[in-house]
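Enquirer: This is the structure, below, for whatever I ask next.
Numbering (the numbering used here), first residue to last: 567 to 736.
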């Protein structure tokens, strides 16, 4: 599970995001979609597949007599309880669908409220100028299409480059 939950979100971010038209439409500079949606969905599906009935019993109430129906598909196939395993996968899929719907609705409402106060997107001119024009530096150079600056000209903590150099010498 650990290997897949580390590799698959990275693969979707670094490879599939550049190739699939739908993923190209997502404005996700911080890779939030891959880090949370892809990894979370994968975790839910893998949990439904690998859920150990003895461990599942730990999170249920003590008098809960039917704890064995929380068996993952892999254990269900192994124990001859295939229907129970598919049931758990169905529960996991329903949970994933619920979370997707909840996130879309709540995030849309939050964005609509924020849009009443400030614009959600920069102007085309600012977008074309990029990070260097807006912030004085290029934040990420992941794709090899720019260089990352050693020092920022605009520093919110220190007075500027001179102040930073002074602190480094001290």
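Using N, Cα and C, we set each Cβ at its ideal position, and we do this for glycine too.
May I ask you to report which of helix, strand or coil DSSP gives residue 665?
Expert: For the purposes of this step, residue 665 is identified with residue 99 of the chain shown, where counting begins at 1. The answer is helix: DSSP assigns residue 665 an H, G or I state.
Enquirer: Nearest-angstrom Cα distance between residue 646 and residue 587?
Expert: Reading the chain shown from its first residue, position 80 is the one you call residue 646. Reading the chain shown from its first residue, position 21 is the one you call residue 587. Between residue 646 and residue 587, the C-alpha separation is close to 42 Å.
Enquirer: Let's test the definition: count the other Cβ atoms within 10 Å of the Cβ of residue 639 and tell me whether it reaches 16, buried, or not, exposed.
Expert: As a position in the chain shown, residue 639 is number 73, starting the count at 1. Burial call: buried.
Enquirer: Report the residue from 567, 615, 580 and 579 whose alpha carbon sits nearest the alpha carbon of residue 656.
Expert: Locating residue 656 in the chain shown gives position 90, counting from the first residue. Per the Cα distances, 615.
Enquirer: For the region 572-626, list the alpha helix (DSSP H) runs that are entirely contained and at least 4 residues long, ordered along the chain.
Expert: For the region 572-626, whole alpha helix (DSSP H) runs of length 4 or above, ordered along the chain, are 587-590, 605-616 and 619-622.
Enquirer: By the 10 Å Cβ neighbour count, where 16 or more other Cβ atoms means buried, how is residue 694 classified, buried or exposed?
Expert: In the chain shown, the residue the question calls residue 694 occupies position 128. It counts as exposed.
Enquirer: Mark residue 636 as exposed unless 16 or more other C-beta atoms lie within 10 angstroms of its C-beta, in which case mark it buried.
Expert: Taking the chain shown and counting its residues from 1, the one referred to as residue 636 is at position 70. Per the 10 Å Cβ criterion, buried.
Enquirer: Measuring straight from C-alpha to C-alpha, what distance separates residue 612 and residue 673?
Expert: Against the chain shown, residue 612 aligns to sequence position 46. Against the chain shown, residue 673 aligns to sequence position 107. Cα to Cα, the separation comes out at about 26 Å.
Enquirer: Throw me the rounded Cβ distance for the residue 574 and residue 604 pair, which I believe falls under 8 Å.
Expert: On the chain shown, residue 574 is found 8 positions in, with the first residue counted as 1. On the chain shown, residue 604 is found 38 positions in, with the first residue counted as 1. About 7 Å separates the two Cβ atoms, so the contact holds.
Enquirer: Going by DSSP, what residue range makes up the alpha helix (DSSP H) through residue 645?
Expert: Translated into the one-based positions of the chain shown, residue 645 becomes position 79. Run containing residue 645: 639-645, per the alpha helix (DSSP H) assignment.
Enquirer: What do you reckon, are the CB atoms on residue 680 and residue 610 nearer than 9 Å?
Expert: Walking along the chain shown from the start, residue 680 turns up at place 114. Walking along the chain shown from the start, residue 610 turns up at place 44. No, the pair does not count as a contact, with Cβ atoms beyond the cut-off.
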